[in-house]
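Residue numbers (this note's numbering): 2 to 366.
Structure first, then comments.
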Ligand code: SOE
């Protein structure tokens with residue numbers, strides 16, 4: 002780390018959509034959270050020089066480079082943040098970790114489980130983060146508190162859907178997210194990975210699963226949709242659906258959990274809300290109520306605006322970063338880290354194998 006002053010010199014590799022989300026988080030975290038570091042946005046790296054320079058100027062990076070290897074080798078860099086296409090994560094993360102840098106990486110962590118394990122092993126001595134940002138939506142963090150407090154009782158059903166509709170749009174057909182060699186998979190790595198990360202957080206380990214994949218566009222090598230049945234260690238059962246062909250749905254990341262005493266439901270397209278059903282309410286007033294999760298008593302919300310002044314997508318990245326920096330300062334382990342994301346990757350591998358062989362897979366070991 003850069004001396005006693007608690008300066009943290011940051012490099013970011015990649016300058017696309019996620020590069021913007023991360024840059025905003027690096028810029029904003031200190032405005033809303035009392036973070037114990039002075040973040041120095043040293044360098045952004047992108048393949049095209051002009052684009053890198055423009056990005057640096059727009060998002061407040063001190064400089065720009067085009068070769069990630071020389072960025073990772075820089076002695077003045079403490080932390081490397083990776084938001085490039087999936088097939089490049091491993092090489093950059095491993096080189097950065099071996100150079101002693103902290104490593105933050107976009108999801109899905111890797112192209113497959115073996116690669117994720119290699120990354121986790123290489124980074125075992127440095128702090129790591131995987132940007133499963135939805136864990137820090139205040140409503141989802143509240144859901145976690147309610148589940149842990151036993152508010153819904155014994156979970157019976159976990160039901161997740163992640164629905165987007167851009168898969169058939171000819172304007173994006175060529176995007177890297179549709180290329181097997183760069184993305185590794187389609188809706189599976191891009192969307193189901195988020196749902197699985199949340200399921201593991203909220204409902205614990207999955208023991209067994211079976212799945213089917215569907216590609217709607219002929220010649221496309223990645224899945225457009227994935228359906229999954231799962232059994233959890235806590236004796237509940239789960240269903241998951243992730244698709245880029247859900248006409249009318251833009252970024253509808255939903256889950257619901259039904260337990261012996263109550264239920265909760267979340268939809269990212271209405272991210273300030275958590276629907277809560279309390280089976281303990283008197284019969285005549287029983288029904289789901291929609292909690293506006295923006296109050297001082299709610300997770301994260303008090304760091305931003307007064308109650309009712311709603312939050313958005315970008316706040317999830319700010320809170321992820323702020324939590325990570327707090328963990329770093331207090332020498333606590335941050336989650337989700339590379340080990341957590343490797344668990345998701347293990348499930349994704351099983352999903353693929355199960356779909357191919359049309360079988361159930363034991364993922365308990
Ligand atoms: C595109 O499908 C995408 O941007 C994902 O890559 C993100 O992880 C998700 O949060 C929103 O949708």
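Beta carbons: idealized from backbone N, C-alpha and C, even for Gly.
The ligand SOE heavy atom lying under 6 Å from the CB of residue i
i, result
"residue 191", "yes"
Segment limits, alpha helix (DSSP H) that includes residue i
i, result
"residue 260", "Not the alpha helix (DSSP H): residue 260 falls in the beta strand (DSSP E), residues 253-260."
"residue 350", "339-358"
Under the three-state DSSP convention, the category residue i falls into
i, result
"residue 43", "strand"
"residue 2", "With a pLDDT of 45 at residue 2, under the threshold of 50, the modelled position of that residue is not reliable, and no figure is offered here."
"residue 70", "helix"
"residue 103", "strand"
"residue 112", "coil"
"residue 127", "coil"
"residue 78", "coil"
"residue 89", "helix"
"residue 65", "strand"
"residue 218", "coil"
"residue 368", "Outside the displayed range of the chain (2 to 366) lies residue 368, so it cannot be described from this structure."
"residue 205", "coil"
"residue 31", "helix"
"residue 95", "helix"
"residue 24", "helix"
"residue 239", "strand"
Contact belief for residue i with residue j at Cβ below 8 Å, rounded distance in angstroms
i, j, result
"residue 349", "residue 186", "7 Å"
"residue 144", "residue 203", "6 Å"
"residue 210", "residue 234", "Wrong, their Cβ atoms sit about 12 Å apart, outside the cutoff."
"residue 181", "residue 222", "4 Å"
"residue 196", "residue 226", "Incorrect: roughly 13 Å between the Cβ atoms, too far for contact."
"residue 45", "residue 57", "5 Å"
"residue 124", "residue 94", "7 Å"
"residue 19", "residue 106", "Between residue 106 and residue 19 the Cβ distance is about 10 Å, and since that is not below 8 Å, they are no contact."
"residue 368", "residue 86", "Absent from the model: residue 368. The displayed extent of the chain is 2 to 366, so no value can be given."
"residue 37", "residue 330", "4 Å"
"residue 90", "residue 110", "6 Å"
"residue 27", "residue 11", "6 Å"
"residue 140", "residue 273", "7 Å"
"residue 188", "residue 256", "Not confirmed; about 16 Å, so no contact."
"residue 198", "residue 345", "5 Å"
First through last residue of the beta strand (DSSP E) which encompasses residue i
i, result
"residue 59", "First-last for residue 59: 50-60, but that is the alpha helix (DSSP H), not the beta strand (DSSP E)."
"residue 226", "226-233"
"residue 16", "Element bounds for residue 16: n/a, residue is neither H nor E."
Cβ-heavy atom distance, residue i to the ligand HEM, below 6 Å
i, result
"residue 71", "In the structure shown, the ligand HEM is absent; the only ligands present are the ligand SOE."
*Whole alpha helix (DSSP H) runs in the stretch 136-193 with 4 or more residues, listed along the chain?*
Runs found: 139-149, 181-184.
_Which runs of the alpha helix (DSSP H) at least 4 residues long sit entirely within the stretch 245-332? Give them in chain order._
Secondary structure remark: continuous alpha helix (DSSP H) runs of at least 4 residues inside the stretch 245-332, in chain order: 314-331.
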